[in-house]
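**Q** As you go down the protein sequences, you meet chains U and A in turn.
Be aware that the first sequence starts at 1, since it is given in UniProt numbering, and climbs by one per residue.
Be aware that the second sequence starts at 1, since it is given in UniProt numbering, and climbs by one per residue.
Ideal Cβ placement from N, Cα and C applies to all residues, glycine included.
My questions all concern the structure below.
2 protein chains.
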Amino acid sequence: MTRLSELGESHVLERILSHNRSGSQVIIGPGDDAAVTAVDGNLVSTADMLVENEDFTRAWLDWSRLGTKAAAQNLSDVCVMGAKPHGLLVSLAVPDSTKIEDLEALFAGIVAEAARAGEELGCEVPVIGGDLSSSGLIVIAITALGTVGDHAAITRSGAQPGDSIYLAGTIGRAAAGLDLLFAGVDGDAEVARNDPQLDESLTELITTQLAPQPDYAAVLQMREASAMIDVSDGLSTDLGRVAAASGVHAGIDRASLQDLIDPLLPAAQHLVGSIEGVEPDEGTAGAASEAEELALSWVLNGGEDHGFVASSGQFDTPPVGWRRIGEMRVGSGVSLDGVPVPTSGFSHFGK
Amino acid sequence: MTRLSELGESHVLERILSHNRSGSQVIIGPGDDAAVTAVDGNLVSTADMLVENEDFTRAWLDWSRLGTKAAAQNLSDVCVMGAKPHGLLVSLAVPDSTKIEDLEALFAGIVAEAARAGEELGCEVPVIGGDLSSSGLIVIAITALGTVGDHAAITRSGAQPGDSIYLAGTIGRAAAGLDLLFAGVDGDAEVARNDPQLDESLTELITTQLAPQPDYAAVLQMREASAMIDVSDGLSTDLGRVAAASGVHAGIDRASLQDLIDPLLPAAQHLVGSIEGVEPDEGTAGAASEAEELALSWVLNGGEDHGFVASSGQFDTPPVGWRRIGEMRVGSGVSLDGVPVPTSGFSHFGK
Chain U
1 MTRLSELGES HVLERILSHN RSGSQVIIGP GDDAAVTAVD GNLVSTADML
51 VENEDFTRAW LDWSRLGTKA AAQNLSDVCV MGAKPHGLLV SLAVPDSTKI
101 EDLEALFAGI VAEAARAGEE LGCEVPVIGG DLSSSGLIVI AITALGTVGD
151 HAAITRSGAQ PGDSIYLAGT IGRAAAGLDL LFAGVDGDAE VARNDPQLDE
201 SLTELITTQL APQPDYAAVL QMREASAMID VSDGLSTDLG RVAAASGVHA
251 GIDRASLQDL IDPLLPAAQH LVGSIEGVEP DEGTAGAASE AEELALSWVL
301 NGGEDHGFVA SSGQFDTPPV GWRRIGEMRV GSGVSLDGVP VPTSGFSHFG
351 K
Chain A
1 MTRLSELGES HVLERILSHN RSGSQVIIGP GDDAAVTAVD GNLVSTADML
51 VENEDFTRAW LDWSRLGTKA AAQNLSDVCV MGAKPHGLLV SLAVPDSTKI
101 EDLEALFAGI VAEAARAGEE LGCEVPVIGG DLSSSGLIVI AITALGTVGD
151 HAAITRSGAQ PGDSIYLAGT IGRAAAGLDL LFAGVDGDAE VARNDPQLDE
201 SLTELITTQL APQPDYAAVL QMREASAMID VSDGLSTDLG RVAAASGVHA
251 GIDRASLQDL IDPLLPAAQH LVGSIEGVEP DEGTAGAASE AEELALSWVL
301 NGGEDHGFVA SSGQFDTPPV GWRRIGEMRV GSGVSLDGVP VPTSGFSHFG
351 K
């Protein structure tokens, strides 16, 4: 076990970069003042930062999964514009006392998720630059770059009344995982799998929270979408953003969400049971309904699975990887079976 | 005075982005999942992060200058590749209790420095994306993008024996400013200017540390340089990097540095005097020599002014904005008047 303070910056960088992949677009990679890459088409760029104690805690810390999560949330933002990822810039700040093996696991997690996106989309996604510094708190700031070729980028603002609303991937699972973590269910799936008390389905939800795996390839089926967004802050919030940007109303069919809700019921029952301490002989119906409500709220308001939502008027049946969950109409806001849904999900700074 | 926690994320973003500029290359700016921009030529990209307590402290905190510094250190890395800046992605994490006016000053500082680079180089440099989150520590992670057109990017590896070594801008001033700050000289120039005890020259050095202003335009005179680097970690270290990457020896002439050293002598004398408590009647010659040594060490080993060093065999007299400071020779390493100079400057993680 070697700590970073025993290695020095240049050796730490060497160890980390040994996990990197290259790409044919890279003219000058990490090691100079800046990277130089050959870009084909318009450039797509996005940046996201994960900060310890705000976005994760040491109690849940699995370095490799943290890398997966950091990469996934940036790559999904690039892909959902209809773009192919081009490369990542990775800035890391970690404590001096960090083990080099942990930092390598973090970086390798980033590289692996970028490679997965590249395999799904037929492109290479190397880490082309970044920064490394020491800090009391762990901070991971990633910029993901991508390119859009012949067709224009897909924005939030093109949805039309009459368009169907489609979902790829899952929603609600990461939010369920977060509530399980907050309730003290152990975040380390390896430990959890050895604990017969814990249902495997619960540990899988935690894994979705800690290391989401967006269905990047699904975007390829939606290149002609009128609008598309990454569900990072919750279906209600993110669909609300599309509705606001496009000047339409987004009507969700509750029935279309049922097979996203059902797999979350064991976790919801686990939490409702443990919080309420409901006796089996009394109030079982009440607890079941409460669990159903909790599962629905995860699906409606939970982000971080990085499912994708798109609108299109072009399909009779949803393309592979997508399900129809509603329709855009004249108006504003979001509704569930006609009942308005609040669109203010997670917000930094309290409101 | 309004704190971020009273405003909520969307209003905070609105306030910040009111300070942003746009650019004709921007197809989709901040507000969607990712930005889309039109790139002309190959892409140049670099990322740097400033972390509170590692790169600055609250005691020195001037939000606007912090923005200047964060932008300058990224923009200089793009420019020194021979590229024109294209845009910035800015990820900020600040405490909930931060005043909105302070966060606006930070962002406006970034925007102003990007605009200054754009004016010097004839391009527009908007903030095209980023991220905002709350955190116990202030973190500023910036990615700077640029483009290189007809000519290839300038790297660290093209220096040839016989090339002259040139410097643009200053070196040593930010390091002197840092030592003054560590010695308790107040970092706020406004306060300092009202304090007759403090020489204006000292406060200017502190300003260089807190808000360096690289001479971006100088790069335009060095487009045919064989190698170029931003002096961020110190002349010895960064010239050492060029020497290592190019497989040459970099010989510095001490005499060429004298008019960089001289303006630092008052600060060096101030610090040597306050540290040593030297009596005027004894050891004055010793203190003077110690001050000269300190000033030389700032010039040789201090980074963060973001001066630029380049090598070229093409000029009889240095181009405007540049001075000749030595020559590349066969060999390796760096020397000052023939005496080897250590090339291991600032390093994170202790070594």
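Could you tell me which chain U residues have their CB closer than 9 Å to the CB of Ile-229 (chain A), listed as they occur along the chain?
**A** As a first step, residue 229 (chain A) is located in the second sequence; it is residue number 229 there, counting from the start. Ordered by position in chain U, the residues that pass the 9 Å Cβ test against Ile-229 (chain A) are Asp-32 and Asp-33.
**Q** Determine whether the Cβ of Asp-102 (chain A) lies closer than 8 Å to any Cβ atom of chain U.
**A** Looking up residue 102 (chain A) in the second sequence gives position 102. Cβ-Cβ to chain U under 8 Å: no for Asp-102 (chain A).
**Q** Just checking, does the region 283-298 of chain U make contact with the region 166-180 of chain U on the three C-beta pairs under 8 Å criterion?
**A** Yes, the region 283-298 of chain U touches the region 166-180 of chain U.
**Q** With distances taken from CA atoms, which of A:Leu-61, A:Thr-46 and A:Ala-47 is nearest Asn-53 (chain A)?
**A** As a working note, residue 53 (chain A) is residue 53 in the second sequence. Taking only the C-alpha atoms, the option nearest Asn-53 (chain A) is A:Leu-61.
**Q** Does His-86 (chain A) come out as helix, strand or coil in the three-state DSSP assignment?
**A** Position 86 of the second sequence holds residue 86 (chain A). In this structure, His-86 (chain A) counts as strand in the three-state DSSP scheme.
**Q** Would you please verify whether the beta carbon of Ala-38 (chain U) is less than 8 Å from any beta carbon of chain A?
**A** For the purposes of this step, residue 38 (chain U) is taken as residue 38 along the first sequence, with counting starting at 1. With 8 Å as the cut-off, Ala-38 (chain U) counts as an interface residue toward chain A.
**Q** Any contact between the region 119-133 of chain A and the region 78-91 of chain A? By contact I mean 3 or more CB pairs, one from each, below 8 Å.
**A** yes
**Q** Quick check on the burial criterion: 16 or more other C-beta atoms within 10 angstroms. Buried or exposed for Met-1 (chain U)?
**A** Looking up residue 1 (chain U) in the first sequence gives position 1. Counting Cβ neighbours within 10 Å, Met-1 (chain U) comes out exposed, since fewer than 16 surround it.
**Q** So if DSSP puts Val-127 (chain U) in a beta bridge, which residue, or which two residues, is it bridged to?
**A** Translated into the one-based positions of the first sequence, residue 127 (chain U) becomes position 127. Paired residue(s): U:Leu-88.
**Q** Cα-Cα, which of U:Arg-21, U:Val-334 and U:Gln-221 is closest to Ala-108 (chain U)?
**A** Taking the first sequence and counting its residues from 1, the one referred to as residue 108 (chain U) is at position 108. Here the closest residue by C-alpha is U:Arg-21.
**Q** Does Glu-190 (chain A) get closer than 8 Å to chain U when you measure Cβ to Cβ?
**A** For the purposes of this step, residue 190 (chain A) is identified with residue 190 of the second sequence, where counting begins at 1. At Glu-190 (chain A), the pLDDT of 45 sits below 50, so the modelled position is not reliable; the number obtained from the coordinates is stated separately. Chain U contact via Cβ: absent.
**Q** What is the rounded straight-line gap between the Cα of Phe-308 (chain A) and the Cα of Arg-323 (chain A)?
**A** Within the second sequence, the letter at position 308 stands for residue 308 (chain A). Within the second sequence, the letter at position 323 stands for residue 323 (chain A). Their backbone Cα atoms lie some 11 Å apart in a straight line.
**Q** Compare the beta carbon distance of Asp-33 (chain U) and Val-80 (chain A) with 8 Å and say whether it is the shorter of the two.
**A** Working through the first sequence from its first residue, we reach residue 33 (chain U) at position 33. Working through the second sequence from its first residue, we reach residue 80 (chain A) at position 80. Yes, the Cβ-Cβ distance between Asp-33 (chain U) and Val-80 (chain A) is below 8 Å.
**Q** Tell me where the alpha helix (DSSP H) around Asn-74 (chain U) begins and ends.
**A** Taking the first sequence and counting its residues from 1, the one referred to as residue 74 (chain U) is at position 74. Per DSSP, Asn-74 (chain U) belongs to the alpha helix (DSSP H) from 63-79.
**Q** Can you tell me which of A:Gly-313, A:Ala-245 and A:Ala-310 puts its alpha carbon nearest to the alpha carbon of Pro-30 (chain U)?
**A** For the purposes of this step, residue 30 (chain U) is taken as the residue at position 30 of the first sequence. When each option's Cα is compared against that of Pro-30 (chain U), the closest is A:Ala-245.
**Q** 8 Å is my cut-off, CB to CB: does Asp-305 (chain U) come that close to chain A?
**A** Your numbering for residue 305 (chain U) matches position 305 in the first sequence. Judged by the 8 Å Cβ criterion, Asp-305 (chain U) is not in contact with chain A.
**Q** So, with DSSP's three-state summary, where would you put Ile-138 (chain A)?
**A** Along the second sequence, one-based indexing puts residue 138 (chain A) at 138. Note: Ile-138 (chain A) maps to coil in three-state DSSP.
**Q** Have a look at U:Met-222, U:Asp-253 and U:Gln-221 and flag the residue whose alpha-carbon is nearest the alpha-carbon of Ser-236 (chain U).
**A** As a first step, residue 236 (chain U) must be located in the first sequence, where it is residue number 236. Per the Cα distances, U:Asp-253.
**Q** Which chain U residues sit within Cβ distance under 7 Å of Ile-28 (chain A)?
**A** The residue you call residue 28 (chain A) lines up with position 28 of the second sequence. Within 7 Å Cβ-Cβ: Ala-153 and Thr-155.
**Q** If you count every other CB in all the chains shown that lies within 10 Å of the CB of Ala-255 (chain U), and 16 or more means buried, which is it?
**A** Here residue 255 (chain U) corresponds to residue number 255 of the first sequence, with the count starting at 1. Exposed, since its Cβ has fewer than 16 Cβ neighbours within 10 Å.
**Q** Chain A partners of Ala-255 (chain U), CB-CB under 9 Å?
**A** Translated into positions along the first sequence, residue 255 (chain U) becomes position 255. Within chain A, no residue comes near Ala-255 (chain U); the closest Cβ sits about 28 Å away, beyond 9 Å.
**Q** Please give the ranges of any alpha helix (DSSP H) in the region 232-276 of chain A, keeping only runs that are unbroken, at least 4 residues long and fully inside the region.
**A** 235-246, 258-261 and 265-276
**Q** Going by DSSP in three states, Arg-329 (chain U) sits in which element: helix, strand or coil?
**A** Residue 329 (chain U) sits at position 329 when you count from the first residue of the first sequence. Correct three-state label for Arg-329 (chain U): strand.
**Q** To be precise: take each residue of the region 41-65 of chain U, compare its Cβ to all Cβ atoms of chain A, and keep it if any distance is under 9 Å. Which residues remain?
**A** Gly-41, Asn-42, Leu-43, Val-44, Ser-45, Thr-46, Ala-47, Asp-48, Met-49, Leu-50, Val-51, Glu-52, Asn-53, Glu-54 and Asp-55
**Q** Determine the extent of the beta strand (DSSP E) in which Val-320 (chain U) is found, giving its start and end residues.
**A** The residue labelled residue 320 (chain U) in the question sits at position 320 within the first sequence. Segment: none, Val-320 (chain U) is in no beta strand (DSSP E) and carries neither H nor E.
**Q** Using a cut-off of 7 Å between C-beta atoms, extract the partners of Ile-325 (chain A) located in chain U.
**A** As a working note, residue 325 (chain A) is residue 325 in the second sequence. Near Ile-325 (chain A) there are no residues of chain U at all, since even the closest Cβ is about 19 Å away, more than 7 Å.
**Q** Could you pull the start and end residues of the beta strand (DSSP E) that Gly-307 (chain U) belongs to?
**A** Residue mapping note: residue 307 (chain U) aligns to position 307 of the first sequence, counting from 1. For Gly-307 (chain U), the enclosing beta strand (DSSP E) begins and ends at 307-312.
**Q** Can you tell me the Cα-Cα spacing of Val-248 (chain A) and Ile-142 (chain U), whole angstroms?
**A** Working through the second sequence from its first residue, we reach residue 248 (chain A) at position 248. Working through the first sequence from its first residue, we reach residue 142 (chain U) at position 142. C-alpha separation (whole angstroms): 35 Å.
**Q** Hey, out of A:Gly-130, A:Gln-258 and A:Ser-157, whose CA is closest to Thr-170 (chain A)'s CA?
**A** Translated into the one-based positions of the second sequence, residue 170 (chain A) becomes position 170. Comparing C-alpha distances from Thr-170 (chain A) to each of A:Gly-130, A:Gln-258 and A:Ser-157 shows the shortest one belongs to A:Gln-258.
**Q** Counting only Cβ pairs nearer than 9 Å, list the residues of chain A close to Thr-2 (chain U).
**A** For the purposes of this step, residue 2 (chain U) is identified with residue 2 of the first sequence, where counting begins at 1. Within 9 Å Cβ-Cβ: nothing; Thr-2 (chain U) doesn't reach chain A, min ~11 Å.
**Q** For chain A, check one thing: does any of its Cβ atoms lie closer than 8 Å to the Cβ of Asp-131 (chain U)?
**A** As a first step, residue 131 (chain U) must be located in the first sequence, where it is residue number 131. Yes, contact with chain A.
**Q** Who are the neighbours of Thr-343 (chain A) on chain U, taking C-beta pairs under 9 Å?
**A** Residue 343 (chain A) sits at position 343 when you count from the first residue of the second sequence. Those within 9 Å of Thr-343 (chain A) in chain U number zero; the least Cβ separation is about 11 Å.
**Q** Would Asp-233 (chain A) and Gly-333 (chain A) qualify as a contact pair, given that the criterion is a beta-carbon distance under 8 Å?
**A** Stepping through the second sequence from its first residue, residue 233 (chain A) is reached at position 233. Stepping through the second sequence from its first residue, residue 333 (chain A) is reached at position 333. Contact: no.
**Q** Which residue marks the beginning of the alpha helix (DSSP H) containing Ala-176 (chain A), and which one marks its end?
**A** To locate residue 176 (chain A), count along the second sequence from 1; it is residue 176. Its alpha helix (DSSP H) spans residues 173-182.
**Q** Just to confirm, are Tyr-166 (chain A) and Pro-318 (chain A) a CB contact at a threshold of 8 Å?
**A** Indexing the second sequence from 1 puts residue 166 (chain A) at position 166. Indexing the second sequence from 1 puts residue 318 (chain A) at position 318. Yes; because the gap between Cβ atoms is below 8 Å, this pair is in contact.
**Q** Residues in its own chain within less than 8 Å of Pro-340 (chain A) by CB, not counting five upstream and five downstream?
**A** Walking along the second sequence from the start, residue 340 (chain A) turns up at place 340. Gly-333 and Val-334, listed in sequence order.
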